[in-house]
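Chains as they are written, first to last, in this note's numbering: chain A, 1 to 534; chain B, 535 to 864; chain C, 865 to 1190.
Idealized CB from N, CA, C, for every residue including glycine.
It should be emphasised that the depicted structure is a prediction, and the values quoted were computed from it without experimental measurement.
Comments concern the structure below.
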Amino acid sequence: MPRFGSRHATSGQPGFLMTLQDDRAVEPFFRMNGVSKRYGGVRALENADLVVQAGRVHAILGENGAGKSTLIKVMTGVVAPDEGTMLMDGNAVSFRSPADSASHGIACVFQELSLIPDLSVADNITIANPPLKFGMIDQKAQRAITLEALARAGAEDIHPRAMVRDLPLSRRQMVEIAKALVGKPRILILDEATSALTASDVTKVFAVLKRLRSEGLAILYISHRMHEIAELADECTVFRNGQKVASYKAGTKTDNEVVEMMIGREYHSVFPPKPVRSRADTQPVLECRNLGWTDRLKDISFAAGKGEVIGLGGLDGQGQRELLLALFGVLRGTTGSVLIDGKAVSINSPSAARSADVGMALIPEDRKTEGLMLPMTVRENLSFASLDHLSNGGVIDRTKEEALIDEMVKLLAIKTAGIDITVGSLSGGNQQKVVIAKWLMRHPRIILLNDPTRGIDVGTKQEIYQLLRRLADAGAAIVFYSTDYDELIGCCDRVLVLYDGKVVSQLEGGGLTEHALIASALNVDKSRILEVAE
Amino acid sequence: MSEISDHPAASRARVPAFLRKVDPAVATAFGCIILLLVVGSIYSSNFLSPDYLVQQLKVASFLGITAAGMMLVILLGHIDLSVPWVMTMGAMMACAMAGYGTTGHVLAIPFGVFCGALFGLINGFGVAYLRIPSMIITLATNVVAQGLMVLYTGGFSPQDSAPPAVRWLATGFIIPGVPNAILVWAAVSALMVFLFARTAFGRSVYGIGNSERAAYLSGVNTRWIVMTAFVISGALSAFSGVLVAGYASKAAQSMGDAYLLPSIAAVVLGGTSILGGKGSYLGTIAGVILITLLQSILSVMQMPEAGRQIIYGVVIVSMLLLYGRSPATR
Amino acid sequence: MSEWRYWLNEQRGTLMGLAIFIAMFAVYISNHPAGLTANVAQTAANKGVLLAFVAMAQALVVLTAGIDLSVGMIFILTNCIASYIVVGSVGMTTLGIVGTLLAGTACGAINGLLVIYGRLQPIVATISTGAIYFGIALILRPFPGGGVNEDLADALTGRLFGVIPASLVLLFAVVLVVWIPFRKSVLGRAAYAAGSSEPAAFMSGVPIKRGKFAAYCLGGLFAGMGGLFLTFFTYTGDAAYQSGSGYTLWSIAAVVLGGISLFGGRGSAIGAIFGAFAARTTGDMLFVFDVDPLWQPLLQGVVLLLAVSIGAIALFRVRNRLEWFQ
């Protein structure tokens, strides 16, 4: 369940001291009552309630699809609720747009959505309320405001004139935070805002948040990261299926209880058993020797044999994604060599990667923009990677297509109202299944997966774990990047931990433990990590 | 962020199956065709006569063949602004080739089409491999094609007349009562429908139009497909130009100008999204007939050029306001 | 020192446009039999400014991630209108000028309304409105004719102090008084934001609709200035279809040459000016090299083709092929 990130990078007092500090009852100044929102036939929010108090951090937990995002969209004026009321300082309010909500003192730090790429940092930060002189934007005043906002967010290294497009994701997120603070909001909403931040950024941000809390700011913190919530939150509310399940004081429930509230049933993370592996000298299916690419991948070497599930671990952004893309032929200018069945190959495109000689498949990072064509049907998406196999002389063989599609839908238990409905109307888990099924139609020998269970409900995750093990048992070599170390430990035979583009350790068997993973991720002294040979 | 899809398709999925298959845009386009026929018949009873209607279809054929190529390119999210002079070039080169004796006559049409395909290759290479926006590179190749033709004709009207084969293809009759041009258009249409519905190429075109990124990551050779689409578009434009020359018995300067905007309008009025990834060929046929009828009614009414332009513009805007609007963001 | 670095980064496109123009102009002048005389400068400036106005109009729409295929027709229409009303006494002439510019702005506003509030795609909406504007122009001037206040016309197409082309001064003034204030205004920034990323702009509470509308209106205004200037140049109004569509297409070329991204959000109308001058110079260059007039259109096309392909050089630096698909 817990995800890689800054778990041990944040120092600070243990959570319980924070909650003891502010125990007096504070009158909530913002309430949501009975808010509902439906999209088509789907209930995103059903009779939701929320209570927000000044000077408190209120964490909101829930699976994807639980309604957290819709709740935020209603609060920030992005969508209008079908039913329900919102009260601020006792007065009923409704927001017609994000600008409207902002003018009421609600600021939201989005993951990436609200920065204008071709404008400068200063332009972006002051975009809602630019200082004016003679009707035109006052550049000097704007700059002063920007510098102040950046300093308050702990991001002094960012230059006000830098173009947002040129900044890496972590810097952009800091700019988002600075921007949200400019209007001196009363409620600050952070929606998975720390996902792309470096460890030191998270420390700074937490310090900023704690200071703002003591100044009376109400903070809504949406996150999957239990350790961050434990550190920061005063109150917690759990959502499930669009409804509020429980609200409780932080620290009064165990992680397992919380997870059970989130998924509504007893939770045991079940991973399929791993076969005992013999260290026979079988030729590896996929081998990588001294693979390098710009400054993101340095001298990576590993081998994956038939039936092996190899995991890639480490903190975010250490080269795991780039490694998968490099193997799949998307990156140019790679050094080193890749061998398939012992023979060196040069893979220059996904087209080459999926060809019969190589037999690779990649489940990409963002299924909505990279894995699927949302307006197209399930059928069209499923067959899209196999059009060459399904056609004779360019003409698609309909019967063959139908047969294979039926087989895949059954194999993966894809829940859909039919194969001719658009894939955009499926749930996230089923969408991901379509992506996987699309590749399985080619019977790949090597399967690369880029964080495949991100944003997927627990039930589908279990199905995916089972599927991966079955595929491995049938002879595929699997390389699997995940930010969830329970997953890495549960699914993988071996985990390569990456740091700064290099493999800093390979963990397997008894040595594949949470502690070892974390320690390697932080690149702690090697002598303290045990590597147990089978 | 949200797992629940607020995709409009979610509600569309509940519409009964048989109705769902009919694209509202295509239906509206055919509806407007009927409306135009009614309006035209009020003005002149000749309008509904079979002779006249067949004549309209014949004129529509030339636009139709051009629009077929344009639709292919628009489905990919691109546009081909080189149609005017590639058409003219195809016509002129075919007529020129015909001047070389019997071999010339035989090679005339293939040569004209070949020239168009060549320019399509340049466009396609620029768009797919050099990542130049299609609007600007096809603009440039249009000017180049014009330059080549100016050079070739010495600035005068071309003297070569269309070879008999071409004239026959445009104005002859294999089936009594049905001009060959219509048969040619029908053949091209059949090929296009087959391409889109049954081939991997066609399926890939829709996929690339929706998301070239996802198509690329699925292992499809997107660049090659985009380039080939432009080659086909260029070839079809040139072929259409050859036929127009056959109809008029010779090629003419700026004969292609009248086909660019109408072909784009026909494709869009037929329900194909200018952003790519969505559209049915049937709609393009409807759009072509619609535009042709509109131009013809205006001409029958002896509407002066000024009025024609205005009505043309107003009609297209009105139809687009009916069903060509992008969804509201909230 | 780093301030300059950021400024350079922001103005990248415009500076490229300037570089292309200077390169071409240098070649042109060095091969011109008369060299850079006041006369040569005046003619070049006048022709360049004509396209520059239309290119600025196009730039304004392209910045919002749109395209305007009717600019050439607004240009023609306002030319025809001016040939009727920009005549007579000082007062009447002034009113005439105001009327012409208002007409241009109104055309731009119609385009804006259709695209922003009608939610039509810019390509097809402006194809249609272009036809309408041309039709109106044709009604006004079925045959070339009319006139213009000749004193004013001569002054604005002539020279200041005998050396500086008045058209350049006019252009400079327009940039100073119209473009720069717009660029620095809230609406101007909203237009850029909308072109760069409309979803982000919406989330940030930017007045997208008003910003885009302002851009379209200003586009119409610039096209109107172009039409007005054409009247000063030719003394007549002429509903010439070829001319109009030519200007539309070359305005797109000018915009690209001037470093403005067709995807929106990046570039400056000043870049479009350089792009327009560069585009004009290609025609003049061939004249100066004594190239057979028959070869000119071809070579002009080839030069344009090469110019737009320059951007492809950047592809060599791309290390992640996914960047090809944005």
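- Closer than 8 Å to the CB of Gly-741 of chain B there is at least one CB belonging to chain A.
- A distance below 7 Å between beta-carbons, with the five flanking residues on each side excluded, links Ile-708 of chain B to the following residues of its chain, in chain order: Asn-714, Leu-717.
- The criterion of a C-beta distance shorter than 8 Å is not satisfied by Ala-218 of chain A and Ala-417 of chain A.
- Only those residues of the region 795-807 of chain B whose C-beta falls short of 9 Å from the nearest C-beta of chain C are listed: Leu-795, Ile-798, Ala-799, Val-802, Leu-803, Ser-807.
- Sequence-distant Cβ neighbours of Ile-177 of chain A in its own chain, meaning closer than 6 Å and more than five residues away, are Val-109, Ala-153.
- At a C-beta separation below 9 Å, Ser-860 of chain B has these neighbours in chain C: Arg-983, Leu-984, Gln-985.
- The region 61-120 of chain A is shown to contain whole beta strand (DSSP E) runs of 3 or more residues at 83-88, 91-93, 106-109, in chain order.
- Restricting attention to B:Leu-582, B:Ser-616, B:Gln-589, the CA atom closest to the CA of Ala-601 of chain B is found in B:Ser-616.
- In terms of beta-carbon proximity, Ser-1060 of chain C lines the interface with chain A, with at least one pair separated by less than 8 Å.
- Residues of chain A whose Cβ lies closer than 7 Å to the Cβ of Asn-744 of chain B are, in chain order, Met-373, Pro-375, Met-376.
- From the beta-carbon of Phe-1097 of chain C, no residue of chain B is found nearer than 7 Å; the closest lies around 23 Å away.
- Within the region 274-335 of chain A, the complete alpha helix (DSSP H) segments at least 4 residues long are 320-327, listed from N- to C-terminus.
- CA-to-CA, the gap between Leu-1034 of chain C and Cys-944 of chain C works out to about 21 Å.
- Annotated as proximal: Arg-379 of chain A and Asp-420 of chain A, with beta-carbon spacing under 8 Å.
- The continuous alpha helix (DSSP H) containing Asp-388 of chain A extends over residues 387-390.
- Cβ proximity to chain B below 7 Å picks out Ser-391, Gly-394, Val-395, Ile-396 from the region 390-412 of chain A.
- Cys-492 of chain A carries a coil assignment under DSSP once its states are collapsed to helix, strand and coil.
- Taking a Cβ-Cβ cut-off of 7 Å, the neighbours of Val-678 of chain B in chain C comprise Leu-1162, Gly-1165, Val-1166, Leu-1169, given in sequence order.
- Residue environment: Lys-1073 of chain C is assigned as exposed (fewer than 16 neighbouring CB atoms within 10 Å of its CB, all protein chains considered).
- In this structure, Pro-667 of chain B places its C-beta atom within 8 Å of the C-beta atom of Leu-1126 of chain C.
- If the five residues before and after Asp-100 of chain A are omitted, its C-beta is found closer than 8 Å to the C-beta atoms of Gly-77, all from its own chain and listed in chain order.
- Residue-level contact check: Val-1119 of chain C does not touch chain A, since none of the beta carbons of chain A fall below 8 Å from its beta carbon.
- When Cβ pairs closer than 8 Å are counted between the two stretches, the region 645-657 of chain B is seen not to touch the region 742-756 of chain B, the count staying below three.
- The beta-carbon of Arg-747 of chain B is placed less than 8 Å from the nearest beta-carbon of chain C.
- In this structure, the beta-carbon distance from Ala-1019 of chain C to Tyr-1099 of chain C does not fall below 8 Å.
- By the 16-neighbour rule on beta-carbons within 10 angstroms, Thr-1145 of chain C is buried.
- Against chain A, the beta carbon of Phe-1066 of chain C has neighbours under 7 Å at Pro-98, listed in chain order.
- Of C:Ala-1064, C:Phe-1046, C:Leu-1092, C:Thr-969, the smallest CA-CA separation from Ala-128 of chain A is found for C:Ala-1064.
- Counting along the chain, no beta strand (DSSP E) covers Met-163 of chain A, and no H or E run does either.
- By the neighbour-count definition (other C-beta atoms within 10 Å, threshold 16), Trp-871 of chain C is an exposed residue.
- For Ala-128 of chain A, the three-state secondary structure derived from DSSP is coil.
- Around the beta-carbon of Gly-1010 of chain C, 16 or more other beta-carbon atoms lie within 10 Å, marking it buried.
- In the structure shown, the three-state DSSP call for Asn-450 of chain A is strand.
- Against chain C, the CB of Arg-161 of chain A has a partner CB under 8 Å away; the residue lies at that interface.
- Per the C-alpha coordinates, the member of B:Gly-603, B:Gln-589, B:Gly-565 positioned closest to Pro-796 of chain B is B:Gly-603.
- Interface annotation for the region 122-137 of chain A against chain C: Asp-123, Asn-124, Ile-127, Ala-128, Pro-130, Leu-132, Gly-135, Met-136, Ile-137, criterion Cβ-Cβ distance under 8 Å.
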